[in-house]
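Report on the following structure.
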Amino acid sequence: MAHQLNRWRASRIRRIAAGFGLVFVILAGSGAAQTSDQDTRHSRVWVAAGGGSTTVLGDCTDCAPGTHLHTGHTVVGGGFTLSERADIGGEVVWVPLHLATGDSVRSTLVTAAVQVRPWRTRGFFLKGSSGMAFLRNFVDVVEDVPAMSTSKAFTMGLGAGWEWRTAGRFGFEVFGTHHVVAVGDLAGRERRLENVVGNFWSVGGAVVIR
Numbered sequence: 004m005a006h007q008l009n010r011w012r013a014s015r016i017r018r019i020a021a022g023f024g025l026v027f028v029i030l031a032g033s034g035a036a037q038t039s040d041q042d043t044r045h046s047r048v049w050v051a052a053g054g055g056s057t058t059v060l061g062d063c064t065d066c067a068p069g070t071h072l073h074t075g076h077t078v079v080g081g082g083f084t085l086s087e088r089a090d091i092g093g094e095v096v097w098v099p100l101h102l103a104t105g106d107s108v109r110s111t112l113v114t115a116a117v118q119v120r121p122w123r124t125r126g127f128f129l130k131g132s133s134g135m136a137f138l139r140n141f142v143d144v145v146e147d148v149p150a151m152s153t154s155k156a157f158t159m160g161l162g163a164g165w166e167w168r169t170a171g172r173f174g175f176e177v178f179g180t181h182h183v184v185a186v187g188d189l190a191g192r193e194r195r196l197e198n199v200v201g202n203f204w205s206v207g208g209a210v211v212i213r
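Just so you know, we're using this note's numbering here: the sequence shown kicks off at 4 and counts up by one.
The structure is reproduced here in structure tokens:
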């Protein structure tokens, strides 16, 4: 039974990663296609900064069901406007997490991002991102056993939101995102944790300057 459960978890992780990869490729292609609709004289730089709430859940092949942990996050991003419907750039998401044991978990997600607005006259947008996660003590999230560790991992994100334009170049957006972090194997205090995966669900807002 345990073997079947482990196979099911591994299969689920692969399906999630494949789905995120497919959506990211579609979004990236849509953004690139929009460049032909805009005169290069109208290309502009954009920056965004904000934050919100994040729920973190860790899992691994032989781990018991984890606990959803809640914290805040800070996000800073920037890039270039390709057209009225597409942006490219990058963002940094910092997620500090303090456990009941007094231990601290630090996660920093550094990604490249593509943002697409399906409707030119509305603020709704979709965003796909991919990059690296830099983790400190993430093993505490999975096993709840203090064990100092630092690691790097591949991460992919998918999100959506709405942006409002105000006077001048300033605006505001609200968003929701889900980042999956493929951590791999981690050394716990008494055993090795295999196929560790982190899920980061975030909601928040940011000030946008275009």
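We put the beta carbon where it would ideally sit given N, CA and C, even for glycine.
About 6 Å separates the beta carbons of residue 203 and residue 57, which is inside the 8 Å limit, making them a contact pair.
About 2 Å separates the Cβ atoms of residue 82 and residue 92, confirming a contact at the 8 Å cut-off. Just measuring C-alpha positions, the residue of 177, 107, 199, 79 sitting nearest residue 129 is 177.
With respect to residue 162, residue 179 sits close: the two C-beta atoms are nearer than 8 Å.
Our two residues, residue 125 and residue 55, have alpha carbons roughly 23 Å apart in a direct line. Less than 8 Å separates the beta-carbon of residue 213 from that of residue 174. According to the DSSP assignment, residue 176 belongs to the beta strand (DSSP E) that extends over 173 to 190.
Residue 105 is classed as exposed because its beta carbon has fewer than 16 other beta carbons within 10 Å across all chains shown.
If you look at residue 87, you'll find it isn't in any alpha helix (DSSP H); DSSP assigns it neither H nor E.
In the DSSP assignment, residue 62 falls within the beta strand (DSSP E) that extends over 47 to 62. Nearest to residue 116 by alpha-carbon distance, out of 89, 70, 152, 142, is 89. Judged by their CB atoms, residue 186 and residue 199 are nearer to each other than the 8 Å cut-off. Rounded to whole angstroms, residue 195 and residue 68 show a C-alpha spacing of 17 Å. According to DSSP, residue pairing for residue 136 in a beta bridge involves 112, 156. Rounded to whole angstroms, residue 190 and residue 66 show a C-alpha spacing of 13 Å. Distance between residue 121 and residue 72, taken at the CA atoms: about 33 Å. Within the same chain, 63, 64, 65, 188 come within 7 Å of residue 197 by CB-CB distance, once the 5 residues on both sides are set aside.
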